[in-house]
Amino acid sequence: MDIRPAATLALVRDTRDGIEILLLQRTWNAVFLPGYYVFPGGAVDQQDACGRKHAAGPEDTEISQTMSLSEGGANYMLAAVRECFEEAGVLLAVDADQRIITGDHPVHEDRNAVFRGELSLAELCQRHKLTIPLDRLAYLSHWITPPGPPRRFDTRFFVTTAPENQPVSHDGEETISHVWISPAQALEEHRAGQRLMTLPTIRTLRVLRDFENVETLMRYAWANPPEPYPSQQWPATRRGKPVILEPGAPAYDEASKLDPEGEGTTKAEIIPGEAVEIAAGVIRLTAPNPGVMTGPGTNTYILGHERFTVLDPGPDHAGHIERMMEITGGKIDSVVVTHTHLDHSPGTRALKERTGCLIYGRPAPAGASQDQKFAPDKQPEHGDLINTDAGTLTALHTPGHASNHLCFLLRDQQLLFSGDHIMQGSTVVINPPDGDMKAYLESLYDLLTEPVRYIAPAHGFLMGHPEAIIDYLITHRLAREHKVARALEKLSPADLKDLTANAYGDVPTAIHGIAARSALAHLLKLEADGRAVQDNGLWHSTSTT
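Shown next as C-alpha cells:
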C-alpha cells in the first residue's frame, strides 16, 4: 500500500493570555476525518517544488538533513505553505522588499485558482513576484499513519508565526469553520467531546501547550527537531520461518525491544504455554484460551527471580496452572489480579491451594461474567505498593471495562500491566451496568500522567509508544461518542435500537447487538455529562428538549 507524503502548518500567535493556534474544521461530507478539527495541511504536490526558485532560506540539503531525508525536505515545507493558503486564506510570503504580505495583497485574488489546481505555488509566486521564506518555518513533528486504514500518510508538521493583517477565511468546501484557540483549551474541549481531533493533532497541541509565547516556541522548535520516526523493518520468526515486521505491526515493539541487534530471535506469534521473558524478571505465559474476546489467549505474567508473583493467573485450566508451577518451582509468594472476569482470576484458587500464596485484588461485582468465588486477602487501593522479587508494583485503579479493574505499574522498569484496560488489536468492551464509558476515558487520561515506557496487555504482544496508544483509544472513543450524539440530535427522541443503527452504520448489522451495549455506554456518559436524558426507554438530546 502506498503511503502519501503530506504536510501541515500550525499557525500560532501571541495574545494577552498566551499562545493561540489556528484550527480548521473539515466538512462533514469528507470521506477522511469528517467534522474533525485539524491544522491546515494536505498532500505534497511535486509542482510545489518546481525548481524552488520561489523559496528563500536554507537549502534543501540542510532542510532534508534536519528531517532525516535524503532529499525533498523543502517540498514538504512548500506544500504546508500552499495548503495553508488554500484552506485558510493565509499565505506566508514576502515581497521584493522582504516584507510579509498583508491581507489586501492582490495574490489573495488567485486563491481559488490555486485551490482548483489551475495555478501552482511556484507560478503564483512568479506572477506576484513573491518568495516563500522557509527560514520562518520550524519542523515540529512527524507522523506516519499506522497500518490498517485504507488511506495512509507520511506527514510532517511545521509551525510558524501567523502573518499579521491576514485574516483567516476557511475555504467553505474542505473546511467549514475555523477557530483561534489556546492549545490547553483545545485539549480540554477535545476531552469534553466538543471537538473531534486526531492523535497527531492532540500530540502537537501538547507540545505547544508548554510555551508561554511564540518566540520561545520557535526557538525551541528550531533547536530541537523531532527524532526520526521509526522506519526500520525488524526480523522475527513465525511458524519457524523468518518474517520481516513493519513498524506498527503487532509484534514490532516487542521484537525491537527483546532483539535490539535485529538477529531475528523473537517470534511474531503468541504460543499458549510458551514462556517469553519480556523484561528483567518478567515472563509472559499465555493461557490456552484463544477466542474472539481473548485473542491469542489471556496473558499471565510471572514476576521474580527466586521468589515469584503471578499476575492474572487466567482461567482454571490444569495445564496452564501446571506450567506456572514448573516455571516457578512452586515458589509463588503472591497472586495479583487485575479484575475478576472469568478469563483472568479463576486460576487463583488452584495456586492458593498449592502454595498458600497471598491474593491481591478487588472482590467481584455482580454479574454472570464475574468470578464470584474470587476471595482476595488484600484489596489494593489506588497508589498502594506491592513488593515483588522483580521490583515494586504500584496499583492503579482503572475502572471502565470493569468497576474493580486495576492496572499495575512496575515502576523501576516503567512497565504497565494493563489487564483489559488496554488490549492489542481489539476494542475494549464497555458493557453497562458494570462497564462505564466515562470512568474508562477518565482512567485512560489518568494513565497519561504515569511514567510508562511499555504496556504489557492481558491479550497481545508487548506494546511501545504508550502515549500514542492511549491517545488513540481516547480519540477513537470520542469519535464514536460524537456519532452517537449526532444520531441523538437527529432522531431525538429515539430508542437504543434506532440510535445504534444510525451511529454504527459502519458496523456489520450482525454485531449490532454488541454495538448496542457500546452505544448504551456512550449514552450513559452523555447523560452523566448533561448532554442526554432518558425517559421511558427513549433517549432525548438536551439540545432538543
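With the working numbering applied, the sequence shown covers -10 to 534.
Here a beta-carbon is modelled for each residue, glycine too, at the ideal position from N, C-alpha and C.
In this text the structure is predicted, and so the values were computed from the model without any measurement.
Closest Cα partner of residue i within the set the options
{"i": "His394", "options": "Asp401, Glu51, Ala85 and His410", "result": "His410"}
{"i": "Lys226", "options": "Thr205, Thr254, Ala339 and Val70", "result": "It should be noted that the sequence gives Thr, not Lys, for residue 226. Residue Thr254 is the option with its Cα nearest to Thr226."}
{"i": "Lys427", "options": "Thr91, Ala508 and Arg71", "result": "Ala508"}
{"i": "Arg228", "options": "Gln368, Glu258, Ser532 and Gly7", "result": "Glu258"}
{"i": "Lys256", "options": "Gly237, Pro224 and Leu(-2)", "result": "Pro224"}
{"i": "Leu347", "options": "Ile321, Thr329 and Thr327", "result": "Ile321"}
{"i": "Thr287", "options": "Met314, Val157 and Val326", "result": "Val326"}
{"i": "Thr416", "options": "Val441, Thr377 and Arg466", "result": "Arg466"}
{"i": "Asn420", "options": "Ala510, Phe74, Leu436 and Pro365", "result": "Ala510"}
{"i": "Glu9", "options": "Asp484, Gln174, Gly280 and His309", "result": "Gln174"}
{"i": "Ile133", "options": "Thr329, Ala(-4), Leu108 and Glu204", "result": "Ala(-4)"}
{"i": "Asp332", "options": "Val281, Pro369 and Gly237", "result": "Val281"}
{"i": "Ile191", "options": "Leu437, Arg5 and Ala474", "result": "Leu437"}
{"i": "Asp435", "options": "Ser358, Glu72 and Leu398", "result": "Leu398"}
{"i": "Asp366", "options": "Gly356, Ala357, Gln36 and Pro352", "result": "Pro352"}
{"i": "Thr317", "options": "Thr329, Thr344 and His328", "result": "Thr344"}
{"i": "Ser323", "options": "Thr329, His309 and Phe297", "result": "Phe297"}
{"i": "Arg71", "options": "Ile89, Gly106, Leu462 and Asp495", "result": "Gly106"}
{"i": "Leu176", "options": "Leu0, Ile165, Ile(-8) and Asp199", "result": "Asp199"}
{"i": "Arg15", "options": "Ser59, Asp34, Ile165 and Ile90", "result": "Ile165"}
{"i": "Gln413", "options": "Arg125, Gln368, Gln155 and Glu243", "result": "Glu243"}
{"i": "Leu110", "options": "Glu153, Pro239, Tyr65 and Ser358", "result": "Tyr65"}
{"i": "Pro156", "options": "Leu0, Asp423 and Ile260", "result": "Leu0"}
Rounded separation between residue i and residue j - CA only
{"i": "Arg2", "j": "Phe147", "result": "14 Å"}
{"i": "Arg520", "j": "Ala505", "result": "19 Å"}
{"i": "Ile375", "j": "Val271", "result": "15 Å"}
{"i": "Gly526", "j": "Glu178", "result": "30 Å"}
{"i": "Pro(-6)", "j": "Asp143", "result": "5 Å"}
{"i": "Tyr290", "j": "Ala517", "result": "36 Å"}
{"i": "Ser130", "j": "Leu512", "result": "36 Å"}
{"i": "Arg141", "j": "Ser57", "result": "20 Å"}
{"i": "Ile459", "j": "Asp248", "result": "25 Å"}
{"i": "Arg41", "j": "Ile500", "result": "53 Å"}
{"i": "Asp160", "j": "Glu75", "result": "7 Å"}
{"i": "Pro214", "j": "Ile233", "result": "29 Å"}
{"i": "Thr534", "j": "Gly502", "result": "Legend: pLDDT at Thr534 = 41, less than 50; position of this residue unreliable, no value from coordinates given."}
{"i": "Leu300", "j": "Gly284", "result": "18 Å"}
{"i": "Gln54", "j": "Glu48", "result": "10 Å"}
{"i": "Ser432", "j": "Ile267", "result": "25 Å"}
{"i": "Ser171", "j": "Glu162", "result": "25 Å"}
{"i": "His167", "j": "Cys73", "result": "12 Å"}
{"i": "Val203", "j": "Ala69", "result": "19 Å"}
{"i": "His386", "j": "Tyr429", "result": "11 Å"}
{"i": "Ser158", "j": "Val522", "result": "37 Å"}
{"i": "Tyr241", "j": "Ala264", "result": "18 Å"}
{"i": "Leu22", "j": "Gly30", "result": "13 Å"}
{"i": "Arg208", "j": "Leu(-2)", "result": "17 Å"}
{"i": "Ala32", "j": "Glu439", "result": "36 Å"}
{"i": "His471", "j": "Leu462", "result": "14 Å"}
{"i": "Ile(-8)", "j": "Gly380", "result": "42 Å"}
{"i": "Val196", "j": "Glu216", "result": "14 Å"}
{"i": "Gly308", "j": "Ser530", "result": "52 Å"}
{"i": "Met(-10)", "j": "Pro95", "result": "With a pLDDT of 47 at Met(-10), under the threshold of 50, the modelled position of this residue cannot be trusted, and the question is left open."}
Residues bridged to residue i (per DSSP)
{"i": "Ala(-4)", "result": "Gly31 and Arg145"}
{"i": "Leu480", "result": "In the DSSP output, where bridge partners are listed per residue, Leu480 has none listed."}
{"i": "Gly284", "result": "Gly280"}
{"i": "Leu300", "result": "Tyr290 and Val325"}
{"i": "Leu128", "result": "Checking the displayed sequence, the identity of residue 128 turns out to be Tyr instead of Leu. Phe147, per the DSSP bridge assignment."}
{"i": "Asn376", "result": "Thr381"}
{"i": "Gly356", "result": "Looking at the DSSP assignment, Gly356 forms no beta bridge with any residue, so it has no partner."}
{"i": "Val83", "result": "Ile89 and Thr120"}
{"i": "His386", "result": "Leu395"}
Whole-angstrom C-beta distance between residue j and residue i, which should lie under 8 Å
{"i": "Thr11", "j": "Ala77", "result": "It is Leu, not Thr, that sits at residue 11 in the sequence shown. Yes, they are in contact, since the Cβ atoms of Leu11 and Ala77 sit about 7 Å apart, within 8 Å."}
{"i": "Pro388", "j": "Asp360", "result": "About 17 Å separates the two Cβ atoms, so there is no contact after all."}
{"i": "Thr464", "j": "Leu188", "result": "5 Å"}
{"i": "Ala384", "j": "Asp373", "result": "5 Å"}
{"i": "Glu201", "j": "Gly7", "result": "6 Å"}
{"i": "Leu292", "j": "Asp378", "result": "7 Å"}
{"i": "Leu123", "j": "Gly46", "result": "4 Å"}
{"i": "Trp211", "j": "Ala127", "result": "5 Å"}
{"i": "Ala44", "j": "Leu67", "result": "6 Å"}
{"i": "Ala476", "j": "Ala492", "result": "4 Å"}
Q) Given 8 Å as the limit, is there contact between the segment 452 to 469 and the segment 394 to 412, that is, 3 or more CB pairs closer than that? A) yes
Q. Does the segment 273 to 285 come within contact of the segment 444 to 451, defined as at least 3 CB pairs closer than 8 Å?
A. yes
Q. If you pair each beta-carbon of the segment 89 to 102 with each one of the segment 16 to 30, do three or more pairs fall below 8 Å?
A. no
(Q) Using a Cβ distance threshold of 8 Å, determine whether the segment 294 to 313 contacts the segment 336 to 346, with at least three qualifying pairs required. (A) yes
Q) Looking at C-beta atoms only, is the number of pairs between the segment 114 to 129 and the segment 79 to 96 that lie closer than 8 Å three or more? A) yes
Q) How do the segment 437 to 445 and the segment 479 to 497 stand: do at least 3 beta-carbon pairs fall below 8 Å, yes or no? A) no
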